[in-house]
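Residue numbers for the sequence shown, in my numbering: 6 to 644.
Single-structure report; data block below.
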Amino acid sequence: MKKKFYITTPIYYPNARLHIGHAYTTVAADALARYHRLLGEEVFFLTGTDEHGQKIARTAQEAGLSPQQYVDQIVATIRELWATLAISCDDFIRTSEDRHRAVVQDVFRRLQASGDVYKGTYEGWYCTPDESFWPEGRLVDGKCPVCGRPVERVREESYFLRLEPYAKRLRQHILDHPEFIQPESRRNEMLAFIDSGLDDLSISRTSFDWGVPLPGDETHVAYVWIDALTNYITAAGFGSDPDRFARLWPADVHLVGKEIVRFHAIIWPIILLALKLPLPKTVFGHGWLLLDDAKIGKSSGNVIEPTALVERYGLDAVRYYLLREVAFGSDGSYSEPALILRTNVDLANDLGNLLSRTTAMLERFSAGTVPAPSGQSILRPIAEAAIAECEQALANLSLSDALVSLFRLVRAANKSIEDEAPWTLHRSQNPRLGTVLYDLAESLRVTAVALRPFLIDAPGKIYAQLGAGDISATSWKDTAWGGLKPGATVQRGAPLFPRIEDTDAAPSAPGEGALAARPEKATKERASDERAGVIAIDDFKRLQLRVARVLSAEPVAGSRKLLKLTLNLGGEQRTVVSGIAAHYEGPQLVGKDVILLANLAPATIFGIESGGMILAAKDADHLRLLTVDGSIEPGSPVS
Ligand code: MSP
6 MKKKFYITTP IYYPNARLHI GHAYTTVAAD ALARYHRLLG EEVFFLTGTD EHGQKIARTA
66 QEAGLSPQQY VDQIVATIRE LWATLAISCD DFIRTSEDRH RAVVQDVFRR LQASGDVYKG
126 TYEGWYCTPD ESFWPEGRLV DGKCPVCGRP VERVREESYF LRLEPYAKRL RQHILDHPEF
186 IQPESRRNEM LAFIDSGLDD LSISRTSFDW GVPLPGDETH VAYVWIDALT NYITAAGFGS
246 DPDRFARLWP ADVHLVGKEI VRFHAIIWPI ILLALKLPLP KTVFGHGWLL LDDAKIGKSS
306 GNVIEPTALV ERYGLDAVRY YLLREVAFGS DGSYSEPALI LRTNVDLAND LGNLLSRTTA
366 MLERFSAGTV PAPSGQSILR PIAEAAIAEC EQALANLSLS DALVSLFRLV RAANKSIEDE
426 APWTLHRSQN PRLGTVLYDL AESLRVTAVA LRPFLIDAPG KIYAQLGAGD ISATSWKDTA
486 WGGLKPGATV QRGAPLFPRI EDTDAAPSAP GEGALAARPE KATKERASDE RAGVIAIDDF
546 KRLQLRVARV LSAEPVAGSR KLLKLTLNLG GEQRTVVSGI AAHYEGPQLV GKDVILLANL
606 APATIFGIES GGMILAAKDA DHLRLLTVDG SIEPGSPVS
């Protein structure tokens, strides 16, 4: 029987249109679902909407609509958004559906049978935007400790679930299963939370009726979080399809934002323990996308519409940016200039140029067909290592690391064009040419298959241009080296990712231009700040400054100003052309640690591709390179 993989996103509140923060979670889940499908597993990828509760009831009332009418409208926009982002969910659950109501009621009956439910009065505070109860002692400055918004005083009859009887078992489960709560920082937070003592949880509300009525006491509706969490078993067939449920449950990954880990890693497991059901294998709490240091969100008024970004930059660019830019698990800053830079550097320059250079050379030097390799392949071991690292990263849910591994191969392939100089091999009729060209085409083919979880259009276009056939027939196994058939006909096509000409990111040698790549199309505030010469910390953070050790430094033929430097950046080598020949002799520099602006868009200078800029100080007569005050590993970040 096939291995199964059940992955969920949180179900979203349809109180307003969704934004890029929600898209972030959903695109990440989609990439993991696509990866597991390529592995040949039976994947169940679930998303949906969390439609009950006080927040939705109020929003609908303000809009003059019934809650159901209100959510129906928003849910339609959410479905459209997921279609725009090519979200490949297998089910979309809505908590207002009958199939779900029946399960919530069943869960209540079972909780009551557990003996840990009692009726009482809830008196305390409630954060309506987060739909969460807070005792006085946990408030921060009288506000919600999670979102910082005002809380409301609530006093109403309620059913309660005792959590404390389950605390010890849950704690032990967390200790015994290091993969259960990830990343580790969230695991430690949850252990501390349990250790601070678990208050009985109010599991019903009586002050409004937009929810699932409790069986036997219909003046109560289920507390919206109990209702919402239950979606994960409803959709897997709990109570409706026992065979399916037995196959799918427990979920493999609940992907959630960090502020709702508590619900998924404490409350949900305790409900499951009370129901005598197995616990999900992993709850992964990712970080937030921030804009100017604030969480992007409806309440912050800093919403970014993903659909507009897709229209402007294309689906693959937006997906790539979301998955690559921020280490999954950490908070990260969103910025449009960073999206443009990422697209231009990684997708247009590195990947797109590799494809156009390779297909152009196959046309010119090999009559438009893929040649047979004969000699030693330089790129094969690099490709195999990149795929192995990518698999490891995906097993750890480190989506950005997975992409970093794949682009290491792309960069190595580009570098091999410079190193092997196929045009020279062609001129001298060197038989190595066939191997070099095959290597390039095969590296691109392997990359295309491995990019299928992340990108939607580019992998198929790469396949078509290489004459490799229909990419939809491939699986992860096709990332193995050697799949491209010699003799395949190359079909050169349009550039894969046209450069976005919105940036002023042209690289320059030291002393010949500005340091920072400055986006032209920035927000109004940013423009006025720039006029005042002030930049935000986020602007600075976009610069990837790293320590680089000089491996070699040679004059550039035909230029008196330039030196070509080969740099060691830890795991990677870079070539940089720098305008320092008047101030340094090449051999003087070998072994020196310099500071490299590593994410500058590459530029071709005197026919050499320069991948960054080294920093120098300059007065009227002198130019001196920046270095570090003592020994440090090459590749170390500078901040
Ligand atoms: N309805 C609950 C979840 C119930 S799951 C049983 C909910 N909904 S939500 O619409 O408010 O948020 C859903 C998810 O979107 C959360 O995981 C949240 O972290 C994520 N994001 C919302 N804004 C975000 C960012 N700015 N950045 C990253 N993710 C963010 O909570």
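Just so you know, even glycine gets a beta-carbon here, dropped at the ideal spot from N, CA and C.
Practice prompt. Can you tell me the Cβ-Cβ gap for E423 and E614, rounded? I've got them flagged as a contact below 8 Å.
Written response: On the sequence shown, residue 423 is found 418 positions in, with the first residue counted as 1. On the sequence shown, residue 614 is found 609 positions in, with the first residue counted as 1. Yes, E423 and E614 are in contact; Cβ-Cβ is about 6 Å, under 8 Å.
Worksheet item: Thinking just about the alpha-carbon of each residue, which of K7, V156 and P134 is nearest to the one in E141?
Response: Counted from its first residue, the sequence shown places residue 141 at position 136. Of the listed residues, the one whose Cα sits closest to E141 is V156.
Worksheet item: Span of the alpha helix (DSSP H) holding T571?
Response: What you label residue 571 is simply residue 566 of the sequence shown in a count that begins at 1. It is not in any alpha helix (DSSP H) - T571 instead sits in the beta strand (DSSP E) that spans L568 to N573.
Worksheet item: Under the DSSP definition of a beta bridge, which residues are partnered with H259?
Response: Walking along the sequence shown from the start, residue 259 turns up at place 254. According to DSSP, H259 bridges with T13 and V288.
Discussion item. Quick check: does the Cβ of L234 come within less than 7 Å of any heavy atom belonging to ligand 1?
Written reply: One-based indexing of the sequence shown puts residue 234 at position 229. Yes, the beta carbon of L234 sits closer than 7 Å to at least one heavy atom of ligand 1.
Worksheet item: Helix, strand or coil: how does DSSP classify A553 here?
Response: Within the sequence shown, numbered from 1, the residue matching residue 553 stands at position 548. Strand at A553.
Worksheet item: Shortest alpha-carbon distance to H105 belongs to which of V217, L280 and Q74?
Response: Counting from 1 along the sequence shown, the entry for residue 105 is found at position 100. If we check each option's Cα against that of H105, V217 comes out closest.
Worksheet entry | Backbone secondary structure at N20 - three-state DSSP | On the sequence shown, position 15 is the one that residue 20 refers to. Of the three classes helix, strand and coil, the one that applies to N20 here is coil, per DSSP.
Practice prompt. Report, in whole angstroms, the separation of the C-beta atoms of L136 and W230, which I expect to be a contact under 8 Å.
Written response: For the purposes of this step, residue 136 is identified with residue 131 of the sequence shown, where counting begins at 1. For the purposes of this step, residue 230 is identified with residue 225 of the sequence shown, where counting begins at 1. It is worth fixing the name first, because residue 136 is Glu in this sequence and not Leu. Confirmed, about 6 Å.
Worksheet item: Cα separation between V315 and A322?
Response: As a working note, residue 315 is residue 310 in the sequence shown. As a working note, residue 322 is residue 317 in the sequence shown. Using only the alpha carbons, I get a separation of about 8 Å.
Fill in: For R160, the first and last residue of its enclosing beta strand (DSSP E)
The residue given as residue 160 occupies position 155 in the sequence shown. Unbroken beta strand (DSSP E) run through R160: E157 to L166.
Practice prompt. Answer yes or no: do T52 and T82 have a C-beta to C-beta separation smaller than 8 Å?
Written response: Counting from one through the sequence shown, the residue named residue 52 turns up at place 47. Counting from one through the sequence shown, the residue named residue 82 turns up at place 77. Going by C-beta atoms, T52 is not nearer than 8 Å to T82.
Worksheet entry | N-terminal and C-terminal residue of the beta strand (DSSP E) that L628 is part of | As a working note, residue 628 is residue 623 in the sequence shown. Looking at the DSSP string, the run of the beta strand (DSSP E) that includes L628 is L628 to L630.
Worksheet item: In whole angstroms, what separates the C-alpha of A241 from that of A332?
Response: By 1-based counting over the sequence shown, the position of residue 241 is 236. By 1-based counting over the sequence shown, the position of residue 332 is 327. Roughly 30 Å between the two C-alpha positions.
Worksheet item: With 16 as the cutoff for other CB atoms within 10 Å, does S371 come out buried or exposed?
Response: The residue labelled residue 371 in the question sits at position 366 within the sequence shown. It counts as buried.
Fill in: Distance, R167 Cα to Q117 Cα
Position 112 of the sequence shown, counted from the first residue, corresponds to residue 117. Position 162 of the sequence shown, counted from the first residue, corresponds to residue 167. Answer to the nearest angstrom: the Cα atoms are 11 Å apart.
Worksheet item: Of the residues R416, A417, A400 and C395, which one's Cα is nearest the Cα of L408?
Response: Residue numbering aside, residue 408 sits at position 403 when the sequence shown is read from its first letter. Looking at the Cα atoms, C395 is the closest of the given residues.
Worksheet item: First and last residue of the alpha helix (DSSP H) that includes L282?
Response: Numbered from its first residue, the sequence shown carries residue 282 at position 277. Run containing L282: none; DSSP gives neither H nor E here.
Worksheet item: Under 8 Å between C-beta atoms, does L404 make it to chain D?
Response: Chain labels in this structure do not include chain D; a single protein chain is all it has.
Discussion item. According to DSSP, simplified to helix, strand and coil, what is W87?
Written reply: Your numbering for residue 87 matches position 82 in the sequence shown. In this structure, W87 counts as helix in the three-state DSSP scheme.
Worksheet entry | Those runs of the beta strand (DSSP E) which lie wholly inside the stretch 40-122 and span at least 3 residues | 47-54 and 96-99
Practice prompt. State the DSSP-derived secondary structure class of A692, mapped to helix, strand or coil.
Written response: In the structure as shown, the chain starts at 6 and stops at 644, and residue 692 therefore has no counterpart that could be examined.
Worksheet item: Can you name the start and end residues of the alpha helix (DSSP H) that H178 belongs to?
Response: Here the question's residue 178 lines up with position 173 in the sequence shown. Element bounds for H178: E169 to D181.
Fill in: Top-ranked residue by Cα proximity to W130, from R114, E161 and V112
Within the sequence shown, the letter at position 125 stands for residue 130. Closest by alpha carbon: E161.
Worksheet item: With 16 other CB atoms within 10 Å as the buried threshold, where does Y589 fall?
Response: On the sequence shown, position 584 is the one that residue 589 refers to. When all chains shown are included, Y589 counts as buried.
Fill in: Inter-residue spacing [alpha-carbon to alpha-carbon] between L282 and I275
Numbered from 1 along the sequence shown, position 277 holds the residue referred to as residue 282. Numbered from 1 along the sequence shown, position 270 holds the residue referred to as residue 275. If you take the alpha carbons of L282 and I275, they lie about 10 Å apart.
Item to complete: Take N573 as the anchor and find which of L601, A562 and G563 has the nearest alpha-carbon.
Response: Indexing the sequence shown from 1 puts residue 573 at position 568. The candidate whose alpha carbon is nearest that of N573 is L601.
Discussion item. With a threshold of 7 Å (Cβ to nearest heavy atom), would L294 be considered close to ligand 1?
Written reply: As a first step, residue 294 is located in the sequence shown; it is residue number 289 there, counting from the start. True, at least one ligand heavy atom lies under 7 Å from that Cβ.
Practice prompt. May I ask whether a heavy atom of ligand 1 can be found less than 7 Å away from the beta carbon of H27?
Written response: On the sequence shown, residue 27 is found 22 positions in, with the first residue counted as 1. Within the cutoff, so yes.
Discussion item. For S340 and E330, what's the separation of their Cα atoms in angstroms?
Written reply: Counting from one through the sequence shown, the residue named residue 340 turns up at place 335. Counting from one through the sequence shown, the residue named residue 330 turns up at place 325. Their Cα atoms are separated by approximately 10 Å.
Worksheet entry | Reference A313; option with closest CA among T287, L90, L284 and P560 | Position 308 of the sequence shown, counted from the first residue, corresponds to residue 313. Out of T287, L90, L284 and P560, L90 has the C-alpha closest to the C-alpha of A313.
Worksheet entry | Buried or exposed by the 16-neighbour rule on C-beta atoms within 10 Å, applied to D444 | As a first step, residue 444 must be located in the sequence shown, where it is residue number 439. Buried, by the Cβ-count rule.
Discussion item. Can you determine whether any heavy atom of ligand 1 sits closer than 7 Å to the C-beta of D264, and answer yes or no?
Written reply: Here residue 264 refers to the residue found at position 259 of the sequence shown. Checking the sequence shown, residue 264 turns out to be Glu, not Asp. For ligand 1, at least one heavy atom lies less than 7 Å from the Cβ of E264.
Item to complete: With hydrogens ignored, establish whether the beta-carbon of K60 is closer than 7 Å to any heavy atom of ligand 1.
Response: For the purposes of this step, residue 60 is identified with residue 55 of the sequence shown, where counting begins at 1. No - ligand 1 has no heavy atom lying nearer than 7 Å to the Cβ of K60.
Discussion item. Please classify V41 as buried or exposed, where buried requires at least 16 other C-beta atoms within 10 Å of its C-beta.
Written reply: Numbered from 1 along the sequence shown, position 36 holds the residue referred to as residue 41. In the sequence under discussion, the amino acid at residue 41 is His, which differs from the Val named in the question. Classification of H41: buried, given that the 10 Å Cβ count is 16 or more.
Worksheet entry | Segment contact, 8 Å Cβ cut-off, at least three pairs: the stretch 380-388 with the stretch 351-363 | no
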